[in-house]
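Residue numbers (this note's numbering), protein chains in the order written: chain A, 146 to 512; chain B, 146 to 512.
This report refers to the structure that appears directly beneath it.
2 protein chains.
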Amino acid sequence: MKLKCDGLALSEAVLKVSKAMPIKRNNSILEGIKLQAKDGFLTLTATDLELSIIKKIPAEVSIEGEVLVIGRYFADFVKSLTDDTITLESTGGQNITIKYGDNEGFIKCMEVDEYPSVDRIDEKSAVVLAKEDLKDAINKVAFAASQEDSRPILKGVLFEIQNGLLTAVALDGYRLALCKKRVINEVEDSKVIIPARTLTEVLRVIDEGEDEVRLIFGEGKLMVEINNTQLISRLIGGDYINYRNIISTGFATTAVFSRAQFADSIGRASIISRTDKNNTIRLEVKEGLIMIDSRSEYGNVHESIVAEVEGKDVVISFNCKYLQDVLGAVADEFIKMNIKTGNSPCIFDQVDGEDYLFLVLPMRAGN
Amino acid sequence: MKLKCDGLALSEAVLKVSKAMPIKRNNSILEGIKLQAKDGFLTLTATDLELSIIKKIPAEVSIEGEVLVIGRYFADFVKSLTDDTITLESTGGQNITIKYGDNEGFIKCMEVDEYPSVDRIDEKSAVVLAKEDLKDAINKVAFAASQEDSRPILKGVLFEIQNGLLTAVALDGYRLALCKKRVINEVEDSKVIIPARTLTEVLRVIDEGEDEVRLIFGEGKLMVEINNTQLISRLIGGDYINYRNIISTGFATTAVFSRAQFADSIGRASIISRTDKNNTIRLEVKEGLIMIDSRSEYGNVHESIVAEVEGKDVVISFNCKYLQDVLGAVADEFIKMNIKTGNSPCIFDQVDGEDYLFLVLPMRAGN
């Protein structure tokens, strides 16, 4: 293999594909980045078997070939180069020589034949979304997916398409997030479960692209292609939880209030409550007011904010972190809280419309 | 105690004095911040017994008094407030009430009588330095002080004044840093050892002050006063190492080269050498060139930069981190390296002048 390419383009490409390398370092072959020189392009590939990222950059290829470099050393080294043009050269694939100006470095390579093959997906069916819609859906929903390995399906986000409408849903047993967006093209109804981590990586590359994003599905996989970068992700198998059954209806109390004001108040309340393992804050909803209380051995906070309250007075307690996650995912000026009882799931949703919805379980007992 | 003050001023003051609170949290009285309301001012004090910071802000004091708040909760809470005016009130000193708008928080207090007294130093003798000179001296020298507790004296920086010239020196057994600055006022010759950490904190507050900084010494302590903020630090007792005996003279080889170019080269070399516990890089100084080599099981790097070399060819190896610290402390375009032999201390100094000097021990043996 021998090629010349632009130093900055190489550095950016390495940084991009590195996101698919596994975080745990166990000297496995997956800590490599595969470099392929062919047809006027250098193609970089990294994968952790769940998520793969492929990035192509233009290159002046004089000898075609492929090598598997040790990802973290290659990435750091390439990032430290200041020269415009970089020459990469490898004979036999034991080392790669990186030439820059009059200087050179050698980085050890691994056995490229042992690297798993990462294939593009042929585009048979695609779901096309406005870029801003996809970003918004990921931002509103992905945080609520489970971090635990105990129920793998909950580490994913359900993408359910019905009648041209995408409903994205994530839940972890304590809270649920849901967001609806219009699909631009005509597609059949379908359901897939996409790993939340894949969607978070999609967010990182999405800003460069055009106004629309194509989600290409096939063979248990998803591919997203943006500006010569392809993210290919395994989908999660199995049936997702029937989320419709979880979302309660029929509320005794609703309250509409300023999102920012509530966020400020519970931010202060959490400074006191964070020493408590449940991070409990107590809300009392009364005519025209929400009173916010937190207490711990270090102090206590009482605040109240104005709210348009309808229905019965109610007291309900939450893990403050779950409320903060919800408020962080919404940009609207006002938000609506819907309460059945102090011990029932509480729903936060849009004041006018049904574009999104968050369900949060209250803390039991106490109050 | 009862007072009103500006929310932003309070928040900034708390942030500033917090730097003197001990980092280790062991529920001691030192985790408090002392608040004193008197004569139209609120005075905040924090100390870890080595370093103390006192900050005064204007306040509308209606009842004088003092309390000891739990520092980290008070600091976070005050920082989270958005109101212009804050009321602080305490009856009996068990709690402090923080009132903001229509809301309020209570933070637990500790026994203020148990808090160590932190006294200002009466100004009998002061050393006056240009602000930029003091900043430069700290930046050039403090990094070389030891981090280890085994020889407390080496955790300090020697400030030696002779004939109106300040020489600041730090060393840790592997390297030494020295910087000279002119003292503005007329002072007697003297020597003190200032904890490196104190000097680092001085850097944080120094930017607000005027063009000159007064270092006030007395009773084994140093006080620096900038814009109503006082840093008071214990000095380190004992005799400092006779650094003049350490600084070698009479060199076989000198080389002058671009600081930035050398820094770039050793930066790349260190990516490879960092997996080695000694982080070794090898320099070969030859006519007109410095060749830089590093190698590890993951690869190797060869670079060369042009240099004005005088004297014998020489090979010398260093822990790369020590070179990077030196290069990071200097802003000059060129720097001079002075070598006696490959096994002797190497000196980096100014090309024209004697304002600063760094000594670095080479790696033994190998090369």
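Where is the CB? At the ideal position from N, CA and C, for every residue including glycine.
Fair warning: this is a prediction, and the values are worked out from it, not measured in the lab.
Query	Result
Nearest-angstrom beta carbon gap, residue 506 (chain A) and residue 492 (chain A) [assumed within contact, 8 Å]	With 8 Å as the limit, residue 492 (chain A) and residue 506 (chain A) do not qualify as a contact, their Cβ atoms being about 11 Å apart.
Alpha helix (DSSP H) segments (min. 4 residues) lying fully within the region 176-248 of chain B	216-224
Beta-carbon spacing of residue 400 (chain A), residue 454 (chain A) below 8 Å	yes
Three-state class that DSSP yields for residue 374 (chain B) in the structure shown	strand
Residue span of the beta strand (DSSP E) that contains residue 359 (chain B), given as start and end	357-363
Paired residues, beta bridge with residue 307 (chain A) - DSSP	A:310
Secondary structure of residue 429 (chain A), DSSP reduced to three states	strand
Contact set for residue 309 (chain A): own chain, Cβ-Cβ below 8 Å, skip 5 residues either direction	327, 328, 331 and 332
Residue from B:495, B:379 and B:346 with nearest C-alpha to residue 338 (chain B)	B:379
CB contact flag (residue 210 (chain B), residue 146 (chain B), <8 Å)	yes
Residue 336 (chain A), buried or exposed, once every other Cβ within 10 Å from all chains shown has been counted against 16	exposed
Sequence-distant residues of the same chain with beta carbon closer than 8 Å to residue 391 (chain B), five excluded per side	316, 321, 490 and 504
Residue-chain proximity (residue 227 (chain B), chain A), Cβ-Cβ < 8 Å	yes
3-residue-minimum beta strand (DSSP E) runs that sit fully inside the region 254-291 of chain B, ordered along the chain	270-275
Where residue 512 (chain A) sits in the DSSP three-state scheme	For residue 512 (chain A), the predicted model reports a pLDDT of 40, less than 50, meaning its position is unreliable and no value from the coordinates is stated.
Partner residues on chain A for residue 252 (chain B), Cβ-Cβ distance less than 7 Å	443 and 444
Exposed unless 16 or more other CB atoms sit within 10 angstroms - verdict on residue 171 (chain B)	exposed
Interface residues of the region 403-424 of chain B facing chain A [CB-CB below 8 Å]	409, 410, 412, 413, 416 and 417
Residue 385 (chain B) in three-state terms, based on DSSP	coil
Beta-carbon proximity of residue 471 (chain A) to residue 430 (chain A), cut-off 8 Å	no
Anticipated Cβ contact below 8 Å, residue 231 (chain A) with residue 177 (chain A), distance rounded	That pair is no contact at about 19 Å.
Test: residue 178 (chain A) CB closer than 8 Å to a CB of chain B	no
Beta bridge counterpart(s) of residue 335 (chain B) as assigned by DSSP	B:306
Chain B contact for residue 449 (chain A) (CB, 8 Å cutoff)	yes
Reduced DSSP category for residue 506 (chain B) - H, G, I as helix; E, B as strand; rest coil	coil
Beta carbon proximity, residue 435 (chain A) to chain B, threshold 8 Å	no
Neighbour flag for residue 186 (chain A) against chain B, beta carbons, 8 Å	no
Short Cβ contact (8 Å threshold) for residue 155 (chain A) with residue 202 (chain A)	yes
Spatially closest choice to residue 193 (chain A) from A:477, A:184 and A:168, by CA coordinates	A:168
Contained beta strand (DSSP E) runs [length at least 3] in the region 467-507 of chain A, N- to C-terminal order	479-484, 491-494 and 501-505
Where the alpha helix (DSSP H) through residue 409 (chain B) begins and ends	404-418
Residues of its chain near residue 207 (chain B), where Cβ-Cβ distance is below 7 Å and the 5 sequence neighbours each way are ignored	147 and 148
Where residue 340 (chain A) falls, given that 16 or more other Cβ within 10 Å makes a residue buried	buried
Identity of the residue in A:318, A:306 and A:258 nearest residue 325 (chain A) by Cα	A:306
Residue 160 (chain B), DSSP secondary structure in three states	helix
Residue 440 (chain B): first and last residue of the uninterrupted alpha helix (DSSP H) it sits in	Run containing residue 440 (chain B): none in the alpha helix (DSSP H); it sits in the beta strand (DSSP E), 434-441.
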